[in-house]
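Here is the structure we will look at.
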Amino acid sequence: MYKILVVDDEPLICKGLAGLLNGSGIDIGAVYTAYSGHEALDYIRMEEIDLLVTDIQMGEMSGIELMQQAKMVKPWVQTIIISAHETFQYAQMALRLGARDYLIKPLNSENFLDSVRNALLKMERPVAQIDEFLSADTDHFQMEEFGPEKNELLQRLLNGTVSLQEDILEELRLVGPYFSVIRMKLDIPLEGEASYSERDIRLLRYAARNVAEELLHKEEKILTCYLGERDICILLQWNETEYDELDINKINHLEMIGRSLHHHVQKYLNIPAIIGISQILKGAEFMPVLDRQADKAIVWGGKHGDYHVFYYGDFNWSNYAQDPTAEELTTQNNRIVDRAKQYIEDNYSQKGLTIHEVAKKNHVSPNYLSFLFKKNTGYNLWEYVIKLRMEESKSLLLNTDLRRYEIAERVGYESPEHFSKIFKKYFGLSPSELKK
Numbered sequence: 002m003y004k005i006l007v008v009d010d011e012p013l014i015c016k017g018l019a020g021l022l023n024g025s026g027i028d029i030g031a032v033y034t035a036y037s038g039h040e041a042l043d044y045i046r047m048e049e050i051d052l053l054v055t056d057i058q059m060g061e062m063s064g065i066e067l068m069q070q071a072k073m074v075k076p077w078v079q080t081i082i083i084s085a086h087e088t089f090q091y092a093q094m095a096l097r098l099g100a101r102d103y104l105i106k107p108l109n110s111e112n113f114l115d116s117v118r119n120a121l122l123k124m125e126r127p128v129a130q131i132d133e134f135l136s137a138d139t140d141h142f143q144m145e146e147f148g149p150e151k152n153e154l155l156q157r158l159l160n161g162t163v164s165l166q167e168d169i170l171e172e173l174r175l176v177g178p179y180f181s182v183i184r185m186k187l188d189i190p191l192e193g194e195a196s197y198s199e200r201d202i203r204l205l206r207y208a209a210r211n212v213a214e215e216l217l218h219k220e221e222k223i224l225t226c227y228l229g230e231r232d233i234c235i236l237l238q239w240n241e242t243e244y245d246e247l248d249i250n251k252i253n254h255l256e257m258i259g260r261s262l263h264h265h266v267q268k269y270l271n272i273p274a275i276i277g278i279s280q281i282l283k284g285a286e287f288m289p290v291l292d293r294q295a296d297k298a299i300v301w302g303g304k305h306g307d308y309h310v311f312y313y314g315d316f317n318w319s320n321y322a323q324d325p326t327a328e329e330l331t332t333q334n335n336r337i338v339d340r341a342k343q344y345i346e347d348n349y350s351q352k353g354l355t356i357h358e359v360a361k362k363n364h365v366s367p368n369y370l371s372f373l374f375k376k377n378t379g380y381n382l383w384e385y386v387i388k389l390r391m392e393e394s395k396s397l398l399l400n401t402d403l404r405r406y407e408i409a410e411r412v413g414y415e416s417p418e419h420f421s422k423i424f425k426k427y428f429g430l431s432p433s434e435l436k437k
């Protein structure tokens, strides 16, 4: 059963859409409503939201910004944007970021529900489940691939064994000038260790590559190739205009892709995968550098075991003449967490505090910071923010005469109603019940 979050700064619209969804006959487990982007983010952090339906213009945080923040937390959340204005620039940006639809107010009820059904239907589409996929009759199965010659040519460009020539760039349609490499290493057991035959491995690798291409169909000019039995390389490229249009934090964009890849390969193929992500560099001559970065991120990632998506820039390699030891890695990671905790403790009452802001102060990606924080403290990073806010609000409630809206303001909430929802979820009692 699906969980849907409806976000609009007009409460009547939220309630109307929630009522429409609840009476639609769609397999819905819960419909949540939020009246601001910051309130919506708390739901996304704390609930398993499948579909986000959001207005585009909502004061401090726009629907586009909310969509970006939501995808940093859970990249697989689907989004439908609604707007009072048929603005091409907004629509283009929303669709580039992966929105399933862009609807204009006033909404037609049937069109809205059709859009919701389509978005939910596509959530289950990428590939068949693993057993069904491997047991299918595939004797006639023809894999439409990049082609062995082009696959080998791209491999050679990535490992630097062929020089850049105009005809090669044209044949592979490499125009750039901005490039990044994502490598996906599939943890498929060797034949004999499990029931996977050589044919099964080949099909699973092909299926994983299909998942990647399905997820990235909105990314223009991607190339994929195989690098060995279990490695898939994804080359992304952007021209000057596309690069400028990419969301402000471009590394977050790459990490969203990486986390979506891992999530969907694990979900549909039941194969663990480690994702390595390079930096973005300008110039096709840097492709071997990018491939080495992505590979190094994977090698480094193998030291964690319980984490799966690694960005090369999350570790300060320049501090070490050779790869860091496990002890050096632990020391650096502890330092990152300590700095993050201190920053949160100093700023938790700030309205609109985001994981992105905390990560930026630490010069690491939000994804990696979230992992380290949970591993070292036992708390999800945002759970820690809420813990500090709730403990402070309880103290103010019991020891001062401040009103509910004043306490909400002091601990970083714009809305007293939203503050009360979080408070009750945390303590099991509303602020007024606790006060009594």
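For our numbering, count along the sequence shown from 1 and bump the result up by 1. Each residue gets a CB set at the ideal place from its N, CA and C atoms; glycine is no exception. It should be emphasised that the depicted structure is a prediction, and the values quoted were computed from it without experimental measurement.
Residue range of the alpha helix (DSSP H) that residue i falls in?
{"i": "N394", "result": "First, the residue type needs correcting, since residue 394 is Ser and not Asn in the sequence shown. First-last of the alpha helix (DSSP H) with S394: 382-400."}
{"i": "Y269", "result": "251-270"}
{"i": "G17", "result": "12-23"}
{"i": "V32", "result": "Per DSSP, V32 belongs to no alpha helix (DSSP H); it is in the beta strand (DSSP E), 29-35."}
{"i": "A120", "result": "110-123"}
{"i": "Y274", "result": "This sequence places Ala at residue 274; Tyr is not what is there. Taken as a continuous stretch (DSSP letters only), A274 belongs to no alpha helix (DSSP H), being part of the beta strand (DSSP E) at 274-278."}
{"i": "Y369", "result": "367-378"}
{"i": "K439", "result": "Outside the shown range of the chain (2 to 437) lies residue 439, about which nothing can therefore be said."}
{"i": "I356", "result": "356-363"}
{"i": "K436", "result": "432-436"}
{"i": "G38", "result": "38-47"}
{"i": "I408", "result": "405-411"}
Going along the chain, which residues of its own chain have a beta-carbon closer than 7 Å to the beta-carbon of residue i, five neighbours each way excluded?
{"i": "N363", "result": "I337, R340, A341, L370"}
{"i": "P127", "result": "Confidence is the limiting factor: at P127 the pLDDT is only 47, short of 50, which leaves the residue's position unreliable, though a coordinate-based value still follows. V212, E215, H265, Y269, listed in sequence order."}
{"i": "L18", "result": "V7, V54"}
{"i": "L398", "result": "I408, P432, L435, K436"}
{"i": "N335", "result": "N377"}
{"i": "D10", "result": "Y36, S37, D56, M59, G60"}
{"i": "E49", "result": "K4"}
{"i": "N368", "result": "E256, R260, V310"}
Starting from the C-beta of residue i, find all residues in its chain whose C-beta is less than 6 Å away, skip the five residues before and the five after it, and write them out in chain order.
{"i": "K222", "result": "Q238"}
{"i": "Q143", "result": "With a pLDDT of 39 at Q143, under the threshold of 50, the predicted position of this residue should be treated as unreliable, though the coordinate-derived value follows. So no residue of the chain qualifies."}
{"i": "Y427", "result": "M391"}
{"i": "F445", "result": "Missing from the structure shown is residue 445; the chain here goes from 2 to 437 and no further."}
{"i": "M257", "result": "K72, P76"}
{"i": "L158", "result": "M288"}
{"i": "L217", "result": "I223"}
{"i": "I275", "result": "K186, I299, G302, H309"}
{"i": "D51", "result": "Y3, K4"}
In three-state terms, what does DSSP make of residue i?
{"i": "K222", "result": "coil"}
{"i": "A100", "result": "coil"}
{"i": "I423", "result": "helix"}
{"i": "Y308", "result": "coil"}
{"i": "Y3", "result": "strand"}
{"i": "I105", "result": "strand"}
{"i": "Y414", "result": "coil"}
{"i": "K352", "result": "coil"}
{"i": "L216", "result": "helix"}
{"i": "L282", "result": "strand"}
What are the boundary residues of the beta strand (DSSP E) that residue i is part of?
{"i": "T55", "result": "52-56"}
{"i": "L237", "result": "232-239"}
Leaving out five residues on either side along the sequence, give the residues of the same chain with a beta carbon under 8 Å from the beta carbon of residue i.
{"i": "N23", "result": "I29, V32"}
{"i": "S116", "result": "I81, R101, D102, L104"}
{"i": "S366", "result": "I252, N253, E256, Y312, G314, D315, A360"}
{"i": "S63", "result": "G38, I57"}
(request) Please specify which runs of the alpha helix (DSSP H), each continuous and at least 4 residues long, are wholly inside the segment 149-211, giving them in chain order. (result) 149-160, 167-173
(message) List, from N- to C-terminal side, the beta strand (DSSP E) runs of 3 residues or more that fit wholly inside the segment 61-89.
(response) 79-84
(request) Give a yes or no on contact between the segment 412-424 and the segment 368-384, applying the rule of three or more CB pairs nearer than 8 Å. (result) no
(message) Across the segment 201-212 and the segment 260-272, are there enough close Cβ pairs to call them in contact, namely three or more that are closer than 8 Å?
(response) yes
(request) Indicate whether the contact test is met: 3 or more Cβ pairs, each with one atom in the segment 70-86 and one in the segment 48-62, closer than 8 Å. (result) yes
(message) Would you call the segment 91-99 in contact with the segment 281-292, where contact means no fewer than 3 C-beta pairs closer than 8 Å?
(response) no
(request) Would you check if the segment 344-355 and the segment 396-409 touch, i.e. whether three or more CB-CB distances between them fall below 8 Å? (result) no
(message) For the segment 39-51 against the segment 64-75, do three or more pairs of beta-carbon atoms, one drawn from each stretch, fall closer than 8 Å, so that the two count as touching?
(response) yes
(request) Determine, using beta-carbon pairs with one atom in the segment 170-187 and one in the segment 286-294, whether at least three such pairs fall under 8 Å. (result) yes
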